[in-house]
Amino acid sequence: MSIVPPWIRIVLTVILGSAVIWYATDGLTTYTAEGQRRSDVELIPRTVPDIILIDQNFSPLKISEFKGKTVLMEFIYTSCPSFCYAMGSEYKQLQDKIINSGAKDIVLMSVSFDYENDNAEKIKAYADKFKAVEPYWYVVRAKDIAGLNQLIKTFEVIIVGNSNDGYEHDSAIHAINKNNKLYKIIDFNDDETINEIFD
Amino acid sequence: MGARIKTDQLLLVIFLWIAISLTPLASWLENDIRLHMLVQIPLLAMLGYYLFYSLVSDKFKDINNRQSGYASVLVASFTILYWMIPKSLDAALSYEMIALLKYLSIPLLIGVPLALGWRRVGPIFRGFIIIELLAMLFRLGWLYRDSPVRLCSNYGLYEQNSLGNYLLVIALTLSLYWAAKCFYPDTDAFENSSAGTASNK
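Just so you know, the protein sequences line up as chains A and B, in that order.
Counting along the first sequence from 1, when you hit position 96 you're at 113 in this note's numbering, and nothing is skipped either side.
Counting along the second sequence from 1, when you hit position 20 you're at 1122 in this note's numbering, and nothing is skipped either side.
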């Protein structure tokens, strides 16, 4: 049936198959798209698009205003029933930590990805609920949807609706370095890595 | 190996192949991780199997050459492995080229090689592949059921956990089925009775 002996075909298949799996998983290290996104960002930090954001005090701001500071950015939607509460509490604790330790070069930022529903008042209400205070913690919405989409695309954040008319959470903190580059993506409860940033 | 092409079957296969990969039906299936993994992917693999047998006579099943099937079954195994990596599934949803790769590789590199090779490997190897498949289903089932984080960025946690339960049920059912076959080998549905291959060798 074939001029190639069976054992050669078997060996070649195993070599080729293993190579494909090895390549697809970055040497058996990365199995999820989220893991891929994180290692990609650490390998090559990405410049954050300098879009216009509106904060909880209704004033506009840009990421480039935070040059020289580390920005810890999370994505939220204010109508979130459960999970944001955990993330909000975590940010509240980080805010306390910044105030107490005098870590003036770290800024917290919660960005709403729900452009349609999260108007300026809802952003303000969210900030009040978690006692977010500037200049430590900025709760913002994008000024226009094009800017928001640009940000989401750069960060490769995938927004997925869930069965409760809400959204699945990207439960990550996006660390932006002093040159406005996204350089690390951290689980919101990964205290060890967060502490490293504070040190 | 007769060369009579079964035109009706071939047309049906191609029709279904297009329907579940290039029409809105595909987006609907891919919108839910459960339909994606439990319906679309197995269906694509089955289409490859029937594609092969619409082009090749059923008498092909009778060829009893134990040496010739290993490479084919391995090709299918590696392709299954590749599409079980969560990030492959995400990539297929994010990039059109990877989606195309999925629609082509699952029928052609899982279904066709299994049709080609499954009857031409020894019973021990076959048993090994079945056990591995079951183990994979159990492992994935547990992983998807219990993981507190989303493994596929495009799907929700609830659907993922629910998929885990389905995978466990499927793995358990298949285990019982194959266990029963160990005791009643004559009812082996996989063997063609006219072929008289593994079970009465």
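All C-beta atoms in this analysis are idealised placements derived from N, C-alpha and C, irrespective of residue type, glycine included.
B:A1282 and B:F1240 have their alpha carbons spaced roughly 18 Å apart.
Annotation: Cβ neighbours of B:N1256 in chain A (cutoff 9 Å, chain order): A50, I175 and V177. Scanning chain B for C-beta atoms nearer than 7 Å to the C-beta of A:E185 yields R1252, G1258 and L1259, reported in chain order.
The beta carbons of A:E91 and A:Y108 sit about 7 Å from each other, so the pair counts as a contact at 8 Å. Under the three-state reduction of DSSP output, A:E133 falls in the coil class, being neither helix nor strand.
Interface annotation, B:Y1152: not in contact with chain A, CB-CB separation never under 8 Å. Fully contained in the stretch 1216-1264 of chain B is no beta strand (DSSP E) run of length 3 or more.
A:K195 sits away from A:G52, with the two beta carbons spaced by 8 Å or more. With a cutoff of 8 Å on beta-carbon distance, A:F100 and A:H186 are scored as near each other. In the DSSP assignment, A:F205 is bridged to no other residue. The Cβ of A:S180 sits closer than 8 Å to at least one Cβ of chain B. Runs of the alpha helix (DSSP H) spanning 4 or more residues and lying entirely within the stretch 1111-1193 of chain B occur at 1126-1132, 1143-1157 and 1172-1185, in chain order.
Bounds of the beta strand (DSSP E) holding A:T87 are T87 to I93. With a beta-carbon spacing of about 7 Å, A:V150 and A:Q112 fall inside the 8 Å limit used to define contacts. As a beta-bridge residue in DSSP terms, A:G178 pairs with A:Y184. Chain B has no Cβ within less than 8 Å of the Cβ of A:G44.
By the rule that beta-carbons nearer than 8 Å mark a contact, A:P23 touches chain B. Along the stretch 141-154 of chain A, there is no position whose C-beta sits under 8 Å from a C-beta of chain B. Membership of A:A103 in the alpha helix (DSSP H) is indicated by the continuous run F100 to S118. Identification of chain A residues near B:F1180 by a Cβ-Cβ cut-off of 9 Å yields T30, V31, L33, G34, S35, V37 and I38, ordered along the chain. Interface annotation, B:P1188: in contact with chain A, CB-CB separation under 8 Å. Relative to the Cα of B:L1183, the nearest Cα in the group B:D1134, B:L1242 and B:L1127 belongs to B:L1242.
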